[in-house]
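Chemist:
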Amino acid sequence: MGNEKPIGIFDSGIGGLSVFSELIKLIPGENYIYFGDTLNLPYGNKTKDELIRITKNIFDFFESKKVKAVVMACNTTSAVTYGYLKDKYEFKIYPVVQSVSKSIADKNYNRVGVFATAATINSHAYKKEINIYNPKTSVFEIACPEWVNIVENQLQNEEESINNIRKHLNEMLPNNVEKIILGCTHYPYLMNILSKYADSSLFINPAKAFSEYIVSDLKRDNLLNNKRTCEPKFYVSSNPEHFKSASGLFYKINDVEEISPEKVLY
Ligand code: DGL
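In the numbering used here, the protein residues as written are 10 to 275.
Shown next, in the form of structure tokens:
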């Protein structure tokens, strides 16, 4: 009976809230612990060894909190570290890239783009995973290393940021892709800008399909809870005030009144 145990969810900063806000809509009765690893942000330019060490620390933290599952909202760690750590813990682990690729492959697209961090793009995780289920889909991958900083520091309306976003879009569009996966949790926050230069229906935010996958898997294993016993808890590894103000600007999460994270871990 692990049903009342919490669900852990993490990312390098506020980005994972784009997943959390979808998940809590579907299963509001769960006890949630969100961890934003603001001290180590950005993840996207770190080495595999650094990312494994970071992910392991976070998994150990969640283990100490006796979670029943960990949601790797972070594409970068899902792409780079999941394979190394997946069998080392008792709780269930949901990596975003591996969890959503089948639903994307099942759409039978001929040409799909991916915008993601450099580490995710260099791992080719989306391409590999989608092609497992559908070898016919051509996957075009472009790293957008500046976008995490743009979101975390709310620079999305600066001219330099807009030019950068347009530059990557202009690199992608000649590939004639039918969809572009926003393969980093921070990127859906840029939809206002992206949709000025391309149709918003072009973009896939994996958060919804990911949350649906998690719910169906927890249900299958009889691990769903239907009675939340405490408010979601938020933790960060540095600068809780920044997290609080940045997160408030982007998301109103169900009935969560205010995000006031506690600093832990490092
Ligand atoms: N938002 C994370 C991801 O989905 C990591 C971004 C970063 O810290 O570089 O990949």
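Beta carbons: idealized from backbone N, C-alpha and C, even for Gly. Quick caveat: nothing in here was measured; it's all calculated off a predicted structure.
How should Cys-239 be labelled, buried or exposed, when 16 other C-beta atoms within 10 angstroms of its C-beta is the threshold for buried?
Modeler: exposed
Chemist: Do you know whose CA, among Asn-185, Leu-233, Ile-213, Cys-193, lies nearest Asn-54's CA?
Modeler: Among Asn-185, Leu-233, Ile-213, Cys-193, the Cα nearest to that of Asn-54 is on Cys-193.
Chemist: Is the closest heavy atom of the ligand DGL to the C-beta of Thr-126 under 6 Å?
Modeler: At least one heavy atom of the ligand DGL is nearer than 6 Å to the Cβ of Thr-126, so yes.
Chemist: Do you know how far the Cα of Lys-57 is from the Cα of Tyr-93?
Modeler: 10 Å
Chemist: Answer yes or no: do Phe-124 and Ile-151 have a C-beta to C-beta separation smaller than 7 Å?
Modeler: yes
Chemist: Drop a sphere of 10 angstroms on the beta-carbon of Leu-35, count the other beta-carbons inside from all chains shown, and report buried for 16 or more, exposed for fewer.
Modeler: exposed
Chemist: Just verifying my parser: in three-state terms, what is the DSSP assignment at Lys-272?
Modeler: For Lys-272, the three-state secondary structure derived from DSSP is strand.
Chemist: Check whether the region 103-119 and the region 78-89 touch, using three or more Cβ-Cβ pairs below 8 Å as the test.
Modeler: Between the region 103-119 and the region 78-89, the count of C-beta pairs closer than 8 Å reaches three or more; the two stretches touch.
Chemist: For the 8 Å Cβ check, are there 3 or more pairs between the region 226-243 and the region 137-144?
Modeler: no
Chemist: Are the CB atoms of Pro-270 and Val-245 within a distance shorter than 7 Å?
Modeler: Taking 7 Å as the Cβ cut-off, Val-245 and Pro-270 qualify as a contacting pair.
Chemist: Alpha carbons only, please: which of Asn-158, Asn-84, Ile-159 is nearest the one belonging to Ile-130?
Modeler: Asn-84
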